[in-house]
Amino acid sequence: MIKVITYGTFDLLHEGHIRLLRRAKALGDYLIVGVTTENFDMSRGKINVQQTLMERMEAVRQTGIADEVIPEEYIGQKIDDIKRYNISIFAIGSDWRGQFDYLNEYCEVVYLPRTAGISSSQLRSVVSVRIGAVGSDPAMLKLRDNAAVVNGVTMDAIYTPEAAPALAAKFAHTYETYTDLLANNDAVYVAVRPEERYAYTKEALIAGKHVISESPIAMTRAQVSELFDLARERGLTLFDSVKTAYSLAFSRLILLIKSGMIGDIKSIDVTCTTLEVREWLSKTHYYTSFTGWGAIALLPILKILGTRYEKVNMQTLGGRDDIYTKADLTYDGALATLHVGTGVKSEGDLRVAGTKGYVYVPAPWWKSGYFEVRFEDATKNRPYFYENDGEGLRMELVHFVRCINSHEENFYMSREVSEAIADMMERFSAGLG
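When you line the sequence shown up against this note's numbering, it's residues 61 to 493, in that order.
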């Protein structure tokens, strides 16, 4: 049997892709298609994909041309795949001519002619969104820097409600009022104090602007529900910006757990602490341990166990200064515990325990591109590695633009999760009296 393998991003699958796949299939008896992950674009300095890996792989399957579809997730995988699958022919588009000649050592390399005038890049070129930033949180610089490597996104304007000249100087355009910022941008990134986000987000939606807001979007469930209803009524996109939710490693972690590999989930233990921002917080009171870290710590709990927790118990040290908070969530058949702190330091890891095994993500888990699946029989343990460029912010921007243009719901952060995060904020505030 002559086995052929080819690779591609296959974003926004079009006739050019299909013709190339047919040409590759005609070279042999069995065609394997490797669909490259977001890492492929990251390694070239740009993220161009608008569809998730799962969507792109399914689109290739639906053509009925490929006999097998696999993900391409790391540099050097082509050689590994050629050996593993006993490949006879490696086929790729002619625009890559010469770049894969080194594979001739392992199999025959064939460069296939591309279909003239058809490309995913052309299909994506109509996308263009100008995002203005509002707030004084230095974290917004990360989003701005990542916007520079995402096609179709411009983020060079800011409005700072509080005096922050050093931060404002890092943007090309500074506006004196929020109204001016809204008037000159298609969307806004809201990074003000947690208790102020509701008002800024609502004003932007009323003005017809799309919104990415730091999480929590608002401090009560009712306010979050109101904002999502308003966005839907006006045909706008509202994103909850928990950057970890959009990272490749975290997405794969959730898929693996939901596949049942470690059995039924019975316990989740997650920790997020830092001392680096304590001095800044003491001067600005921008957020507390729970309002700053709570959304991130809640993310794996809510994504894995869901939003229907039956009981919540919260304990806080430091009162309204909140240097440390612990929360226990009780589900039907499962327990979860989170620890967050800006005045204490602990191991910021994540552990998910199931009836067959468990997953361990080392500190800082929210930035990690690595996790391990462990079992009673240690010989079955397996590590997983993923590139985590941009800590999820790049894919968040890609998905944000896609949802704006396609009017789709947020695939990574559902409304229900955002509402549950706000519910926990409401419980936290009530506990402080």
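Where a beta carbon is used, it is the ideal one built from N, C-alpha and C, also for glycine.
Beta carbon of residue i nearer than 8 Å to that of residue j
i	j	result
Val210	Val458	yes
Val250	Val284	no
Leu87	Ala151	yes
Val93	Leu81	yes
Ile325	Val433	no
Gly158	Ser188	no
Leu495	Val169	There is simply no residue 495 to check, as the chain begins at 61 and stops at 493 in what is shown.
Val477	Lys318	no
Ala309	Gly429	yes
Leu113	Val95	yes
Arg281	Asp483	yes
Ile356	Val302	yes
Asp141	Ile147	yes
Ile328	Leu365	yes
Arg116	Asp155	no
Gly295	Val248	no
Tyr420	Arg312	no
Arg257	Glu236	no
Asp392	Thr348	no
Asn470	Phe299	yes
Phe488	Phe350	yes
Val252	Pro221	yes
Leu172	Ala119	no
Leu453	Lys202	yes
Val372	Leu389	yes
Ala84	Thr66	yes
Reduced DSSP category for residue i - H, G, I as helix; E, B as strand; rest coil
i	result
Val477	helix
Ala282	helix
Asp216	strand
His467	coil
Asp329	strand
Arg104	Residue confidence is low: Arg104 scores 49 on pLDDT, short of 50, so the model does not pin down where it sits. No coordinate-derived value is stated.
Leu91	strand
Ile383	coil
Glu165	helix
Ile135	coil
Met117	helix
Glu451	helix
Ala482	helix
Tyr238	helix
Val209	coil
Ala243	helix
Gly158	coil
Val458	helix
Ile152	strand
Glu222	coil
Gln111	coil
Phe445	strand
Thr69	coil
Ile125	coil
Neighbour-count burial assignment, residue i, 16 or more Cβ in a 10 Å radius
i	result
Gln182	For Gln182, the pLDDT reaches just 46, beneath the cut-off of 50, and the residue's location in the model is therefore unreliable, although a value from the coordinates is still provided. Result: exposed.
Glu507	This structure gives no information on residue 507, because the portion of the chain shown stretches from 61 to 493.
Met473	buried
Lys143	exposed
His467	exposed
Gln111	buried
Pro276	buried
Asn206	buried
Gly268	exposed
Thr297	buried
Met485	buried
Ile62	exposed
Pro254	buried
Leu335	exposed
Gly124	exposed
Leu410	buried
Ile481	buried
Arg442	exposed
Lys138	buried
Leu492	exposed
Glu451	buried
Ile218	buried
is_contact[residue i, chain D] using C-beta, thresh 8 Å
i	result
Ala482	Although the question refers to chain D, the structure presented lacks it and comprises just one protein chain.
Every unbroken beta strand (DSSP E) within the segment 386 to 437, with a cutoff of 3 residues, ordered by chain: 394 to 401, 410 to 414, 417 to 421 and 430 to 435
Residue ranges of each beta strand (DSSP E) within the segment 255 to 315, 3 or longer: 270 to 274 and 298 to 301
At least 3 beta-carbon pairs within less than 8 Å: the segment 373 to 387 vs the segment 395 to 414: yes
The segment 223 to 232 / the segment 240 to 260 touching (three or more Cβ pairs under 8 Å): no
Segments assigned beta strand (DSSP E), at least 3 residues, entirely inside the segment 351 to 385: 371 to 377
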